[in-house]
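Asks: Under numbering that gives the first Met the number 0, think of the first position of the sequence shown as 0, with each following residue one higher. Mind having a look at this structure? Questions to follow.
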Amino acid sequence: MKKIEFVDATLRDGHQSLWATRMTTPQMLPIAPLLDEAGFYAVDLMGTVQFDACLRYLREDPWERIRLLAQAMPKTPLSGLIRSKSLTSFNIVPDSVIELWIRRCAANGLRRLMIFDALHDWRNLEQSVKVAKSVGVEVVVPLVYSLSPVHTDEFYARKTKEMMRRLKPDRVLIKDSIGLLTVDRTRTLVPVIKKIIGDLPFEMHSHCTTGLAPLCCLESVELGVATIHTCMAPLANGPSHPSAESMIKNLRRLGYQPAIDEKTVEKISDHFRYVAKREGKPIGAPVEYDAFQYVHQVPGGMISNLQFMLAQRGMEHRLEEVLEEISRIRREWGYPVMITPFSQVVGTQAVLNVLMGERYKTTTDEAIRYVLGHYGKTPAPVERNVLDKMLNLPEAKRFRNWEQPQPTIEELRKENGQPHISDDELLIRTLFPEEIVD
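Now the structure itself:
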C-alpha cells in the first residue's frame with residue numbers, strides 16, 4: 000500500500016481559521032509530545048498572522064513559542080509560512096531584513112518553510128529560498144490556486160516550470176487558501192503539475208470553505224499527491240482544513256496507508272476539544288456547498304471586516320454591492336489572487352468606490368503600488384483606463400520613480416535607537432507596530 004504523509008495545520012491554520020488565531024502557547028505545549036509521536040511529516044506552527052496575534056492579543060513572545068515547541072517536539076519538523084517580500088505587512092521589506100528573518104526562523108527552531116508569492120513572480124522568492132537552503136531548512140514552494148480566465152492549467156504549468164528552474168524547491172504544494180478547488184479541477188490541475196515536478200514530493204493544502212476540500216484531497220492522492228494538510232477534528236472543517244481522523248479512515252478505505260497513528264490523533268483531538276470547551280471556543284463543523292464563494296472569492300474573515308467597515312458608516316446593506324465591486328476591480332487589476340495582502344487591497348478599494356459614489360476618485364498607497372508592479376508582475380495586465388485614472392491621482396506621484404531602500408542591519412539598529420538588542424527583538428521592532436510591541 001502507498002504511504003500517505005500528513006502535515007498537521009492545527010497549531011497555525013486551524014486556530015487562525017476557527018479561533019481568530021487566539022490559541023496560546025500554554026494550550027499547545029501539553030499536547031506537543033503526543034504530536035511529536037503521532038507520525039506527522041511536519042507540524043505547521045507559524046506565519047505572519049501568528050506573530051502578530053502573539054504580540055497584539057496574547058502578549059506572548061512569538062520566538063519563544065517556536066523555541067518551546069521545537070524543544071517539546073524534537074522528532075517532527077516545525078513549519079513556517081513566509082510571504083514574499085512583504086513578510087508581515089503591506090510594506091516591501093529590505094533584503095537584509097528578509098535574510099535575517101529567515102535565519103532567525105531557522106535558529107529558533109523552524110526546520111521547514113513554505114515560501115510563497117501570490118502573484119507567482121518567482122523573482123520575489125529567489126533570495127528567501129537561497130537563504131533558507133543555506134541554513135539547512137526544507138523549502139516548500141506553493142502554487143497559490145485561484146479561479147480566473149488567467150489561472151488556467153496552462154498558467155500553472157508555465158509557473159511550475161519557471162519555479163523548478165529558478166527556485167529548485169525541495170517540495171511543491173498546491174495552496175488553495177480560499178477553498179475554491181473542485182474535484183473536476185483537481186483532476187486536470189494535479190496531473191499537469193505532477194508531470195513537470197516528477198518525483199519531487201507533492202503536497203495538497205486546501206480549505207473547506209465550500210465543503211469540497213476533503214474530496215479534493217482524496218482525489219489528489221489518487222493522482223500522485225503523497226502529502227496532505229489536515230487539522231485535528233475540533234479545529235477542522237468550516238473555513239479550516241479536512242480533519243485528520245476523516246482522512247485516515249477514507250484513505251484506508253481507498254487502499255492507502257496513512258503515515259500517522261489514529262489512536263494518537265484521537266488523544267490529541269481530545270485535548271483540543273477540552274480546550275475549546277474550557278475557553279468557550281467553537282468546534283469546527285462541515286459546511287454546505289456555497290456557489291457564491293466562486294463569484295466573489297473573498298475569504299470568510301474578510302467578509303466580516305467589510306461588514307464592520309460598512310456598519311461604521313451605517314451602510315451595511317451595501318455589502319453585496321461591495322462584493323460585486325470586488326469582482327470588477329479584480330478583473331481590472333489583472334486577477335490578483337484574493338489572499339493577503341491583495342484581498343485587503345482590493346477590498347478596501349471596493350469600499351472606497353462604493354462609498355465615494357465614483358470609481359477611483361481616491362485610492363490607497365498599496366493599490367497604487369500594486370498597479371505599478373511594486374509587488375511583482377500582475378497575472379494579467381492592469382486595464383489601461385483604470386491604470387491611467389489611478390496614476391493621475393495626486394497620491395500616485397511619489398510612487399512613480401520609487402525604489403526599495405536597502406538599509407543594512409547595522410543601519411536599522413542605529414535607526415531603531417537600541418543598538419544592543421537581539422536580532423529577534425530587532426526584527427519584531429522593525430516589522431510590527433510599536434504599540435503592539437511595548
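The C-beta atom is built at its ideal place from N, Cα and C for all residues, glycine as well.
Using a Cβ distance threshold of 8 Å, determine whether the segment 193-213 contacts the segment 254-269, with at least three qualifying pairs required.
Replies: Not touching, per the Cβ criterion.
Asks: Along the beta strand (DSSP E) that carries PHE201, what are the first and last residues, could you check?
Replies: Taking the sequence shown and counting its residues from 1, the one referred to as residue 201 is at position 202. Per DSSP, PHE201 belongs to the beta strand (DSSP E) from 201-205.
Asks: Counting along the chain, where does the beta strand (DSSP E) carrying SER268 start and finish?
Replies: Taking the first residue of the sequence shown as 1, we reach residue 268 at position 269. No beta strand (DSSP E) contains SER268, which is instead part of the alpha helix (DSSP H) from 261-278.
Asks: Under 8 Å, do PRO340 and GLU365 count as touching if we go by C-beta distance?
Replies: The residue given as residue 340 occupies position 341 in the sequence shown. The residue given as residue 365 occupies position 366 in the sequence shown. Taking 8 Å as the Cβ cut-off, PRO340 and GLU365 qualify as a contacting pair.
Asks: Determine the closest residue to GLY480 out of LEU390, ILE302, PRO281, with distance taken between C-alpha atoms.
Replies: Limits of the chain in this structure are 0 at one end and 437 at the other, which puts residue 480 out of reach.
Asks: Okay, do the segment 147-167 and the segment 382-400 touch, 3+ Cβ pairs below 8 Å being the bar?
Replies: No, the segment 147-167 does not touch the segment 382-400.
Asks: Please state if the CB of LEU142 and the CB of VAL171 are separated by a distance shorter than 8 Å.
Replies: What you label residue 171 is simply residue 172 of the sequence shown in a count that begins at 1. What you label residue 142 is simply residue 143 of the sequence shown in a count that begins at 1. Yes, these two residues count as a Cβ contact at 8 Å.
Asks: Check for me: the alpha helix (DSSP H) holding MET389 runs from which residue to which?
Replies: Taking the sequence shown and counting its residues from 1, the one referred to as residue 389 is at position 390. Looking at the DSSP string, the run of the alpha helix (DSSP H) that includes MET389 is 383-390.
Asks: Measuring alpha carbon to alpha carbon, tell me which of GLY416, TYR273, PRO76 ends up nearest PRO29.
Replies: For the purposes of this step, residue 29 is taken as residue 30 along the sequence shown, with counting starting at 1. Looking at the Cα atoms, TYR273 is the closest of the given residues.
Asks: In this structure, what does DSSP give as the bridge partners for ALA41?
Replies: To locate residue 41, count along the sequence shown from 1; it is residue 42. DSSP output for ALA41 lists VAL6 as bridge partner(s).
Asks: Hey, LEU86 and LEU430 are a contact pair by Cβ (cut 8 Å); roughly how many whole angstroms apart?
Replies: As a first step, residue 86 must be located in the sequence shown, where it is residue number 87. As a first step, residue 430 must be located in the sequence shown, where it is residue number 431. Indeed they touch by this definition, with Cβ atoms about 6 Å apart.
Asks: What ranges does the beta strand (DSSP E) occupy inside the segment 279-332, keeping only unbroken runs of at least 3 residues that lie completely in it?
Replies: Within the segment 279-332, no complete beta strand (DSSP E) run reaches 3 residues.
Asks: Three-state secondary structure (DSSP) at ASP175?
Replies: Here the question's residue 175 lines up with position 176 in the sequence shown. Here ASP175 sits in strand by DSSP.
Asks: Using 10 angstroms around the beta-carbon of SER176, count the other beta-carbons present and answer buried if the total reaches 16, otherwise exposed.
Replies: By one-based count along the sequence shown, residue 176 stands at place 177. The residue is buried, with at least 16 neighbouring Cβ atoms inside 10 Å.
Asks: Tell me where the alpha helix (DSSP H) around VAL96 begins and ends.
Replies: Along the sequence shown, one-based indexing puts residue 96 at 97. Unbroken alpha helix (DSSP H) run through VAL96: 94-107.
Asks: Quick one: give me the first and last residue of the beta strand (DSSP E) that ARG82 is part of.
Replies: Along the sequence shown, one-based indexing puts residue 82 at 83. Segment 77-82, the beta strand (DSSP E) holding ARG82.
Asks: Helix, strand or coil: which one does DSSP assign to ILE196?
Replies: Position 197 of the sequence shown, counting from 1, holds the residue named residue 196. In the structure shown, ILE196 sits in a helix (DSSP, three-state: H, G or I).
Asks: Using only the alpha-carbon positions, how far apart do GLN126 and VAL436 sit?
Replies: As a first step, residue 126 must be located in the sequence shown, where it is residue number 127. As a first step, residue 436 must be located in the sequence shown, where it is residue number 437. Those two C-alpha atoms are separated by around 27 Å.
Asks: Given a cut-off of 8 Å, decide if LYS160 and ILE441 are closer than it, judged by their beta-carbon atoms.
Replies: Nothing in the structure corresponds to residue 441, since the chain is present only between 0 and 437.
Asks: Where do the N-terminal and C-terminal ends of the beta strand (DSSP E) with VAL138 fall, by residue?
Replies: The residue you call residue 138 lines up with position 139 of the sequence shown. Run containing VAL138: 137-143, per the beta strand (DSSP E) assignment.
Asks: Spell out a yes or no on whether the segment 28-42 and the segment 3-10 are touching, meaning 3 or more CB-CB pairs, one atom from each, closer than 8 Å.
Replies: Yes: at least three Cβ pairs fall under 8 Å.
Asks: Nearest by alpha-carbon distance to TYR155: which of ALA131, SER133, ARG184, GLY178 is it?
Replies: Locating residue 155 in the sequence shown gives position 156, where the first residue counts as 1. Nearest C-alpha to TYR155: ARG184.
Asks: Report the rounded CA-to-CA distance for VAL370 versus VAL381, giving the unit in angstroms.
Replies: Residue numbering aside, residue 370 sits at position 371 when the sequence shown is read from its first letter. Residue numbering aside, residue 381 sits at position 382 when the sequence shown is read from its first letter. Approximately 7 Å, taken between the alpha carbons.
Asks: Please report the straight-line C-alpha distance between ALA243 and GLU59, rounded to a whole angstrom.
Replies: Indexing the sequence shown from 1 puts residue 243 at position 244. Indexing the sequence shown from 1 puts residue 59 at position 60. Taking the straight line from one Cα to the other gives about 28 Å.
Asks: With respect to the beta strand (DSSP E) encompassing HIS228, which residues constitute its N-terminal and C-terminal limits?
Replies: As a first step, residue 228 must be located in the sequence shown, where it is residue number 229. Note, HIS228: beta strand (DSSP E), 226-229.
Asks: Let me check one thing: in DSSP terms, what residues is VAL70 bridge-paired to?
Replies: Mapped onto the sequence shown, residue 70 falls at position 71. Reading the sequence as shown, one finds Gln at residue 70 and not Val. None, per the DSSP bridge assignment.
Asks: Relative to the alpha-carbon of CYS230, which residue among CYS207, VAL48, GLY223 has its alpha-carbon at the smallest distance?
Replies: Taking the first residue of the sequence shown as 1, we reach residue 230 at position 231. The shortest Cα separation from CYS230 among CYS207, VAL48, GLY223 belongs to CYS207.
Asks: Helix, strand or coil: how does DSSP classify LEU112 here?
Replies: To locate residue 112, count along the sequence shown from 1; it is residue 113. It is a strand residue.
Asks: What would DSSP say about GLN417, mapped onto helix, strand or coil?
Replies: One-based indexing of the sequence shown puts residue 417 at position 418. In the structure shown, GLN417 sits in coil (DSSP, three-state: anything other than H, G, I, E or B).
Asks: I'd like to know if the segment 58-75 and the segment 9-26 are in contact, where contact means that at least 3 CB-CB pairs between them fall below 8 Å.
Replies: Output reads yes: the segment 9-26 touches the segment 58-75.
Asks: Beta-carbon within less than 7 Å of LYS132's beta-carbon, same chain only, minus the 5 sequence neighbours each way: which residues are those?
Replies: Along the sequence shown, one-based indexing puts residue 132 at 133. Closer than 7 Å at the Cβ level, and outside the excluded window around LYS132, lie VAL138.
Asks: Straight-line CA distance for SER342 to ILE101?
Replies: Position 343 of the sequence shown, counted from the start, is the residue given in the question as residue 342. Position 102 of the sequence shown, counted from the start, is the residue given in the question as residue 101. SER342 and ILE101: Cα-Cα distance of roughly 25 Å.
Asks: Note down the Cα distance separating GLU394 from GLY135, rounded to an integer number of angstroms.
Replies: On the sequence shown, position 395 is the one that residue 394 refers to. On the sequence shown, position 136 is the one that residue 135 refers to. Their Cα atoms are separated by approximately 43 Å.
Asks: Rounding to the nearest angstrom, what Cα-Cα distance links LEU54 and ARG11 in this structure?
Replies: Position 55 of the sequence shown holds residue 54. Position 12 of the sequence shown holds residue 11. In a straight line, the C-alpha of LEU54 is about 15 Å away from that of ARG11.
Asks: Just how far apart, CA to CA, sit HIS150 and TYR144?
Replies: Here the question's residue 150 lines up with position 151 in the sequence shown. Here the question's residue 144 lines up with position 145 in the sequence shown. Going from the Cα of HIS150 to the Cα of TYR144 covers about 8 Å.
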